[in-house]
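Encoded as structure tokens, the structure appears first; notes follow it.
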Amino acid sequence: MSSSDLMALNEGFPEVIDEFLEHEPTMKCVAFNRRGTLLAAGCHDGSCVIWDFETRGIAKELRDDECSSPITSICWSRSGNRILASAADKSLILWDVMSSTRTIRIFLQQTPLQVRFCPSSSSLCLVCPVSSTPMIVDLNSGNTTLLKTSVLEKSKSSGGSPFMPAAACFNRYGNLVYVGSTKGEILVIDGKDGEVRAAVHVSDSVVKSVVFSRNGQYLLTNSYDRVIRIYENLLPLKDEIRALIELNENQNDLNDIEKLKVAGSKCLTLIGEFKDSVKKVHWKAPCFSADGEWVVGGSANKAEHKIYIWNREGHRARILEGPKETLLDLAWHPVRPVVVSVSVTGAVYIWTKHYTEYWSALSPDFTEIDENVDLVEQEDEFDLNPRTKVVSHVDEDEEVDILTVEKDTTFSDSDMSQEELCYLPVTPIPDPPEPQVPESQDKLLEGSSNPVDNNNSGSLLPETAEQAPLSETADPNVDFMNNALTLYTDDAEGTRGKRMRKPSQKMLELQEQKAKKASKSKKKPSAEENNDDAEGDAEGTQIKRGRKPSKKDKGKEPQV
């Protein structure tokens, strides 16, 4: 590859993990809204959480008390006012985003693996069940229309023999459905009458997923043969059904199957294949970039979080290696070179481009240097020269239009009649209430507000701690430490409303000295002290001690 090709490959795709999002319960699947300002994630407990992608904060949570099964797929309506989610309990849940209310819940016969809104109508959706043919569901009435998965069969019900899961997706305007069959074919089906208009042979293995690019010009397929294939759409984008009917009418000399194959060859043409020839990796959640120039696919291996990026011609541009966690889902941002991936732990990793700071972009006169350079000051370098003053040529009398919204060139079909929801008001989360303090502890706080006691000079402990009795058997230092530390308990235990100051080293030394003095005053008299007391009693203190006087003492008067 040439140097210009390498430079092109290094632009327009993410390179490193910039941030990750966490939520409890864990997240399983993600989807951006049409503008990329909001990110919806389906959780393990059946709820959905909406992230503001600009602030990376939670904007809204959608919960249904009747659904506790994991969410298998999630998508936005075209206007962004609705979110459709499929759950493992075989249900489809439709949410109104602004009111956070569940409007519709429909139960199917099989567990839906993937669900997508119809681009032209938010009341129709395409569902791919786990063991049944893809179907179109009317959310208002609950009616389902099963699609064909082979050119040789009619529409059949989901009952019967076990059926391998098939993939399907709408085209850009929702009038055609492209179905990947179990026989390795892509069937182009009319969305109104369900008739097969064309058939394209892909491979001999089952097609797992079918994805259109945002502009509708390219189609991606992922098969069980571990190959991702890219097709170019040859049909006109706004009149595809009429072009297909004309292709079939021009082949009157062929049978029905041959007509469909000839029409298919004029609908899609293969332009590239992507695979890992060494590791033979199965691919998960492949998709296009916002402009359709890049193709991304995640590795389906366990304990591996690798994302492969190719350009449309088939050259591999980068392998993004994340933590050793199995990848569940990924999505490319509709506007920016940003990819979000979901791991088995429930974390959502945000991959962005590694930007280098260029200070010269802020000031054209700024020059970056690699080493120190001696500055030679010019004589007039800091002189004010009024002749170099920049004269503004802005017409101050010109009226500025602040009401007209310019059309975003990124979205060619952004002129919608229905108002589009791009942002959600963030509801502030109130702080938890402080625990109420009992009256007895309030008095304790008031009495311990002064660090120095008036009655006992030099003491830094509250009065309640100083008057606490000492244990006769325990160490007095330990007792004073325990009495002091009981006043500084943590708020988490609920015993105090606020923290008190921790005792300093000087205060502890003072309390230790006081404890020694108190212990000396409470010591028992020794044996010598007892003998002195006995001699004093013999000199006339017997009555004071309560001893019975002897016969020699009867004639003597007691000395006071």
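Read left to right, the sequence shown gives residues 1107 to 1666 (my numbering).
Backbone N, C-alpha and C fix where the C-beta goes; we use that ideal spot for every residue, glycine too.
Where does the unbroken beta strand (DSSP E) through residue i begin, and where does it stop?
{"i": "residue 1236", "result": "Element bounds for residue 1236: n/a, residue is neither H nor E."}
{"i": "residue 1352", "result": "Here residue 1352 belongs to no beta strand (DSSP E); instead the alpha helix (DSSP H) covers 1346-1355."}
{"i": "residue 1318", "result": "1313-1318"}
{"i": "residue 1163", "result": "1163-1168"}
{"i": "residue 1389", "result": "1389-1394"}
{"i": "residue 1202", "result": "1197-1202"}
{"i": "residue 1404", "result": "1400-1405"}
{"i": "residue 1327", "result": "1324-1329"}
{"i": "residue 1434", "result": "1433-1438"}
{"i": "residue 1385", "result": "Careful: residue 1385 lies outside any beta strand (DSSP E) and carries neither H nor E."}
{"i": "residue 1683", "result": "For the chain, the structure presents residues 1107 to 1666; residue 1683 sits outside this window and is missing."}
Within the same chain, show all residues whose beta-carbon is closer than 7 Å to that of residue i, passing over the 5 residues directly before and after it, in chain order.
{"i": "residue 1322", "result": "1277, 1278, 1339 and 1343"}
{"i": "residue 1273", "result": "1234, 1286, 1313, 1314, 1315 and 1316"}
{"i": "residue 1188", "result": "1200, 1201, 1202, 1203 and 1228"}
{"i": "residue 1363", "result": "1257"}
{"i": "residue 1125", "result": "1162 and 1456"}
{"i": "residue 1376", "result": "1335 and 1337"}
{"i": "residue 1219", "result": "1178, 1179, 1234, 1235, 1236 and 1271"}
DSSP three-state call for residue i: helix, strand or coil?
{"i": "residue 1361", "result": "coil"}
{"i": "residue 1221", "result": "strand"}
{"i": "residue 1226", "result": "coil"}
{"i": "residue 1214", "result": "coil"}
{"i": "residue 1369", "result": "helix"}
{"i": "residue 1252", "result": "strand"}
{"i": "residue 1625", "result": "helix"}
{"i": "residue 1447", "result": "strand"}
{"i": "residue 1618", "result": "helix"}
{"i": "residue 1466", "result": "helix"}
{"i": "residue 1124", "result": "strand"}
Is it buried or exposed for residue i, if we count other Cβ within 10 angstroms and need 16 for buried?
{"i": "residue 1455", "result": "buried"}
{"i": "residue 1404", "result": "buried"}
{"i": "residue 1291", "result": "buried"}
{"i": "residue 1483", "result": "exposed"}
{"i": "residue 1590", "result": "For residue 1590, the predicted structure reports a pLDDT of 43, less than 50, and the residue's modelled location is therefore unreliable. A value from the coordinates is still provided. So residue 1590 counts as buried."}
{"i": "residue 1240", "result": "buried"}
{"i": "residue 1430", "result": "exposed"}
{"i": "residue 1409", "result": "exposed"}
{"i": "residue 1248", "result": "exposed"}
{"i": "residue 1464", "result": "exposed"}
Report the rounded CA-to-CA distance for residue i versus residue j, giving the unit in angstroms.
{"i": "residue 1468", "j": "residue 1334", "result": "43 Å"}
{"i": "residue 1393", "j": "residue 1320", "result": "10 Å"}
{"i": "residue 1380", "j": "residue 1421", "result": "8 Å"}
{"i": "residue 1396", "j": "residue 1371", "result": "27 Å"}
{"i": "residue 1374", "j": "residue 1327", "result": "12 Å"}
{"i": "residue 1282", "j": "residue 1225", "result": "11 Å"}
{"i": "residue 1502", "j": "residue 1509", "result": "19 Å"}
{"i": "residue 1157", "j": "residue 1127", "result": "9 Å"}
{"i": "residue 1474", "j": "residue 1462", "result": "13 Å"}
{"i": "residue 1439", "j": "residue 1346", "result": "28 Å"}
{"i": "residue 1330", "j": "residue 1303", "result": "25 Å"}
{"i": "residue 1306", "j": "residue 1293", "result": "7 Å"}
{"i": "residue 1280", "j": "residue 1244", "result": "14 Å"}
{"i": "residue 1295", "j": "residue 1139", "result": "27 Å"}
Can you name, in chain order, every residue of its own chain whose Cβ lies under 6 Å from the Cβ of residue i, other than the five neighbours on each side?
{"i": "residue 1214", "result": "1196"}
{"i": "residue 1387", "result": "1405"}
{"i": "residue 1414", "result": "1403 and 1425"}
{"i": "residue 1427", "result": "1412"}
{"i": "residue 1443", "result": "1118, 1119, 1120 and 1459"}
{"i": "residue 1341", "result": "1349 and 1373"}
{"i": "residue 1526", "result": "1185 and 1186"}
{"i": "residue 1398", "result": "1319, 1321 and 1324"}
Starting from the C-beta of residue i, find all residues in its chain whose C-beta is less than 8 Å away, skip the five residues before and the five after it, and write them out in chain order.
{"i": "residue 1170", "result": "1152, 1153, 1199, 1208 and 1211"}
{"i": "residue 1183", "result": "1189, 1190, 1223 and 1228"}
{"i": "residue 1588", "result": "Note on residue 1588: pLDDT 48, under 50, position unreliable in the model; the coordinate value appears next. Cβ within range, chain order: n/a, list empty."}
{"i": "residue 1176", "result": "1134, 1148, 1149, 1150, 1151, 1152, 1193 and 1194"}
Consider the Cβ of residue i: report whether some Cβ of chain C lies at a distance smaller than 8 Å.
{"i": "residue 1361", "result": "The structure shown contains no chain C, having only a single protein chain."}
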